[in-house]
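A quick write-up on the structure given underneath.
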Ligand code: SF4
């Protein structure tokens with residue numbers, strides 16, 4: 048992986064991992080890899096929504112692995128022995144710090160939401176097949192093309208974030224327990240992880256609200272997911288009151304506002 052001169056350090060740590068939509072893709076050591084182009088191409092060529100989702104999930108898994116490799120490189124650059132660190136970690140695995148009551152609630156709520164949405168999307172995939180969407184678009188008052196675009200965007204958003212919220216929330220909770228000395232620091236890793244989890248929950252809410260208007264017959268399920276997300280956001284904001292003040296590299300820095 049190349050660490051280019053104009054890369055923004057750590058930009059990939061608090062992003063949404065949606066490289067194909069990211070304005071910093073050319074300045075990120077994870078997103079600018081050739082893998083992204085390959086993923087985009089495969090997604091464009093995928094014949095079904097299910098296949099697209101499969102490719103998308105693989106990309107998410109790969110980009111997390113890529114971030115791990117970047118960490119290895121940083122360790123090596125710092126003159127440390129990666130193998131010795133791995134051996135030490137294997138022999139003395141870090142003990143998970145106990146979570147507080149609210150952190151346990153966050154863990155449960157986010158995992159439940161991810162599993163529920165994943166299962167529901169799988170069981171209702173025929174609703175979102177291209178033919179079904181085209182028929183629905185034709186009877187809408189909205190411009191059919193715009194409707195199709197918005198629906199596709201809403202479905203992708205819900206799918207993209209359904210497990211992401213859980214991963215980032217759990218990282219934030221365990222990080223807060225582990226890094227007690229960082230408790231007062233706004234720029235702590237746990238605040239950054241909590242912030243992106245809150246952003247992902249907010250974007251999922253907007254996407255579900257759009258789907259609610261487009262699919263009134265599945266109102267019952269959607270209202271349930273909206274309630275779950277609102278609960279998750281509320282608990283995250285209470286647990287991480289400074290998360291919104293965290294400045295994410297690139298994304299929250301005014302000097303990069305010009306990059307669209
Ligand atoms: S910051 Fe990097 S890893 Fe994150 S979405 Fe953008 S390109 Fe992808």
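In my numbering, the protein residues as written are 48 to 307.
For each residue, glycine too, the CB sits at the ideal point set by N, CA and C.
Please read all numbers here as calculations on a predicted model, not as lab measurements.
Leaving aside the five residues that flank residue 240 on each side, the residues in its chain whose CB is nearer than 8 Å to its CB run, in chain order, 61, 215, 216, 218, 219, 222. Contact between the segment 163-171 and the segment 279-295 is absent: fewer than three C-beta pairs spanning the two stretches fall below 8 Å.
At least one heavy atom of the ligand SF4 is found less than 6 Å from the C-beta of residue 59. DSSP places residue 197 in the helix class (H, G or I) of the three-state scheme. Look at residue 282 here: in three-state DSSP terms it is helix. In the three-state reduction of the DSSP assignment, residue 216 falls in the helix class, which pools H, G and I.
Under the DSSP assignment, residue 259 falls in the alpha helix (DSSP H) whose first and last residues are 236-261. Under the DSSP assignment, residue 289 falls outside any alpha helix (DSSP H); it carries neither an H nor an E label. When DSSP states are grouped into helix, strand and coil, residue 62 belongs to the coil group. Taken through DSSP and simplified to helix, strand or coil, residue 126 comes out as coil. Cβ neighbours of residue 225 within its own chain (closer than 7 Å, five residues either side excluded): 144. Apart from the 5 residues on each side of it in sequence, residue 57 sits with its Cβ closer than 6 Å to the Cβ of 296 in its chain, given in chain order.
7 Å or more divides the Cβ of residue 149 from the Cβ of residue 204.
Residue 157 sits buried, since 16 or more C-beta atoms from the chains shown fall within 10 Å of its C-beta.
In this structure, residue 211 places its C-beta atom within 7 Å of the C-beta atom of residue 247. The beta carbon of residue 122 sits closer than 6 Å to those of 129, all from its chain and outside the five residues before and after it, given in chain order. Taking 6 Å as the cut-off, one finds at least one heavy atom of the ligand SF4 near enough to the beta carbon of residue 77. Rounded to the nearest angstrom, the gap between the Cα atoms of residue 304 and residue 54 is 15 Å. Counting along the chain, residue 160 sits inside the alpha helix (DSSP H) bounded by residues 148-170. In the three-state DSSP reduction, residue 53 falls in the coil class, being neither helix nor strand.
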